[in-house]
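Following: one structure in structure tokens, then a few remarks.
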Amino acid sequence: MKTKKRFAAILLAAVMAASTACSQGGGTTSNGFDTKTYNTYVASDPESIDAQKGSEIYGNAVVNNVYEPLIRLVQDENKNLKVEKAGAEDYTVSEDATKYTFKIRQGMVWEDDTPVTAHDYEYGIKRTADPNTGSGSAFLLADVKNFDDVNSGKKPLDELGVKALDDYTLEITLAHPAQYFEKIVPFRVCFPQRQDIVEQNGDSFGSEADTIMACGPYTVESWTHNSQIVLKKNPKYWDADKVQLETVNMKVLADLNARMNAFQADEVMSINTNLPEWTEKFDQKENVEKVEQMMPSMDYLAVNHEDKLFSNKKVRQAFNTAIDREDFNAKAASGTSTPAYYWVPGAISIGDLNYREKAEEPIKDLQNSVKDPKALLSEGLKELGMDEDPSKLEVSLICVNEPLVKKYGEYLQENLQKVLGVKINLEVMEWAVLSGRIANGDYQLGYLAWTADYNDPSAMLSLFRSSATSIQTGWKSEEYDKLLDQATKEKDSEKAADLYKQAETMLAEESVIIPLLTGKTYLYYQNVVKNINENVFSTAGFKYTYIEENK
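Numbers 17 to 567, taken from my numbering, label the letters of the sequence shown in order.
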């Protein structure tokens, strides 16, 4: 299962699960599941299915199945990832590791029979980098030549290091070697796009099923907002023989208990959870497989540095150090997660090195240096010219209208009020409203979560580059940017990890955001489901998933 990024994901539970339905022409399993239809869900209606503009995980669950990337990351027999050639039938990397040349597969077509060419990939990547697109994931292209200047509007799009040399040759030039760039190529920021379709639909592109054009394993047949998205097997897909599912129904199921009950009742074929009240039930369920998954995700409080109160470093540090993460995990999360004293989750590695073992726990160091968070808050208020009495301070904390997340918010409300003496106003709202407020900087503190796009510390740390827009904190640092630039160029994993550690320590000391929880979850699925994505970094979508007819 892939829980991808791209605006901050809210739920500790996974993005997708699967359920059953009837399809035309399919067989059935011995326990009644249809072999040609796969019902899955997203926990919220996507903001958009615009591959370049969108960034949140819900839309990604769609676009990852309807576009053909240059390459894919797929599971091998041991559930490890391997690179699979997709839209590119071959590619080469220059000796200095700064130039990638992709030979586009001839014979690929869009669903209207128009050939897919290198120009479509060039347009798609440049559209991601175009500041007018407003892509929440554009920062992933930071290593491409001239990206910062192009994304900031200082240079024209034509100067981005991406060029179609002819109809079937694409060249991507990096500003410097980036050891992880091959892990970025499979994602939506490098998807092809039809310029004529984008221009024809204008601002409505990606807002409805009939505004996009597919070239991948599936097409979008329909999108009933806040209800269901239906994907159909694309008969014109170049590798259609490998796609066994005819229909994927993606129901929008916002209620966590409804999802869990659906799996328990065999209406859903897979589910992710680490909640004891549900794992105890699912552990006893027949014909079900269970997989432990270390999640490259982080629950955290976004902090608005452009708000007067949180523009002060001491104020941010006071809130960061006031939270009892051990008690939060024990009481609010029922001990199912890991208290986070860092930003990069433990599931992230760099080369063969476990990054977390190298980088340790910088927020614990901060807590050890702050003996009295309330006194530190008073100092910050004084520096701001505000009343030094914390009891006269009111702070807004926004969170999504999900029972579990609301529970987390209520715990933090009580914790911060008790330790700092402030009044915390908890505001609960739908995801679309919350994400809009975060994007517009209309908040003070916001409860969010983020899942890494790829397996490297930069996947988490790049979110706070000065050019990044996925999490609107308003914080920028040239020193931080330079540390990341140095780390991405470094070929030695130990040296790169040390540079990343310095950058992460800066995030902790500045309290740019407030990490809270990380950890693991369990994937449960019916044993008739095969080739389900157990590796959380897989980008295969539903291409290779199938349902075994006789179990």
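Backbone N, C-alpha and C define an ideal beta-carbon position, used for all residues, glycine too.
Just so it is clear, the structure is predicted and the values come from calculations on it, not from any experiment.
Who are the Cβ neighbours of residue i in its own chain at under 7 Å, not counting the five residues just before and after it?
i: E554; result: Note that residue 554 is Ser in the sequence shown here, rather than Glu. The answer, listed in chain order, is K18, L89, V90, Q91, L97.
i: W294; result: M276
i: N328; result: G396, E399, L400
i: L515; result: L499, Q502, A503, E506
i: A568; result: Any answer about residue 568 is impossible in this case: the structure gives the chain only from 17 up to 567.
i: I287; result: A33, R275, M276, F279, Y540
i: P419; result: L272
i: A37; result: For A37, the pLDDT reaches just 33, beneath the cut-off of 50, and the residue's location in the model is therefore unreliable, although a value from the coordinates is still provided. So the list reads D50, T53, N55, N265, once near-sequence residues are dropped.
For residue i, list the residues DSSP reports as bridge partners.
i: S353; result: G535
i: M311; result: G535
i: W239; result: I245
i: Q542; result: V304
i: S482; result: Its beta-bridge partners do not exist; DSSP assigns none.
i: E187; result: T117, K179
i: A318; result: G462, I529
i: Y427; result: Answer by DSSP bridge pairing: none, since Y427 is not bridged.
i: R88; result: E100
Which residue comes first and which comes last in the beta strand (DSSP E) that contains residue i?
i: K179; result: 178 to 182
i: T504; result: Run containing T504: none in the beta strand (DSSP E); it sits in the alpha helix (DSSP H), 494 to 505.
i: E410; result: 410 to 416
i: Y463; result: 461 to 467
i: A513; result: Taken as a continuous stretch (DSSP letters only), A513 belongs to no beta strand (DSSP E), being part of the alpha helix (DSSP H) at 509 to 526.
i: L97; result: 97 to 101
i: I287; result: 284 to 289
Let's test the definition: count the other Cβ atoms within 10 Å of the Cβ of residue i and tell me whether it reaches 16, buried, or not, exposed.
i: P312; result: buried
i: L181; result: exposed
i: Q122; result: exposed
i: E520; result: buried
i: K95; result: exposed
i: L176; result: buried
i: Y562; result: buried
i: D128; result: exposed
i: V552; result: buried
i: S451; result: buried
i: P202; result: buried
i: A59; result: buried
i: D219; result: exposed
i: D368; result: exposed
i: S153; result: buried
i: P62; result: buried
i: E494; result: exposed
i: G150; result: exposed
i: K69; result: buried
i: T534; result: buried
i: K199; result: buried
i: T240; result: exposed
i: N456; result: exposed
i: S482; result: exposed
i: K3; result: The structure shown does not extend to residue 3, since the chain is modelled only from 17 through 567, so no value can be given for it.
i: Q300; result: exposed
Quick test of your reading: residue i and residue j, contact by CB under 8 Å. State the CB separation rounded to the nearest angstrom.
i: Y196; j: S474; result: 6 Å
i: P355; j: N345; result: 5 Å
i: A145; j: L156; result: Going by Cβ atoms, the distance from A145 to L156 rounds to 10 Å, so no, they are not a contact pair.
i: G232; j: N81; result: 6 Å
i: K559; j: V259; result: 6 Å
i: Q542; j: V304; result: 6 Å
i: K252; j: V125; result: 5 Å
i: E565; j: T45; result: 6 Å
i: Y316; j: L173; result: No, Y316 and L173 are not in contact; Cβ-Cβ is about 33 Å, not under 8 Å.
Would you kindly report the start and end of the unbroken alpha helix (DSSP H) that includes residue i?
i: V360; result: Premise fails: V360 is in no alpha helix (DSSP H) and is neither H nor E.
i: M276; result: 272 to 280
i: K330; result: 329 to 338
i: V214; result: 211 to 217
i: E443; result: Unbroken run through E443 is the beta strand (DSSP E), 439 to 445; no alpha helix (DSSP H).
i: E376; result: Neither: E376 is in no alpha helix (DSSP H) and is coded neither H nor E.
Got a sec? Which residues, its chain only, sit under 8 Å from residue i by beta carbon, not counting five neighbours each side?
i: A191; result: T114, D159, V160, K161, N162, F163, G177
i: K380; result: Y357
i: D403; result: L397, L409
Identify, in the order they occur along the chain, each residue of the same chain with its Cβ nearer than 6 Å to the Cβ of residue i, setting aside the five sequence neighbours on each side.
i: S350; result: P292
i: K439; result: E410
i: T352; result: N290
i: E446; result: N417
i: K374; result: A513
i: L442; result: L413, G425, Q429
i: E100; result: R88, V90
i: I213; result: M229
i: D497; result: R481, S482
With a threshold of 8 Å, establish whether the CB of residue i neighbours any heavy atom of the ligand HEM.
i: L464; result: With respect to the ligand HEM, the structure offers nothing, as it holds no ligand at all.
Is residue i close to chain D, meaning its C-beta is less than 9 Å from at least one C-beta of that chain?
i: L393; result: The structure shown contains no chain D; it is built from a single protein chain.
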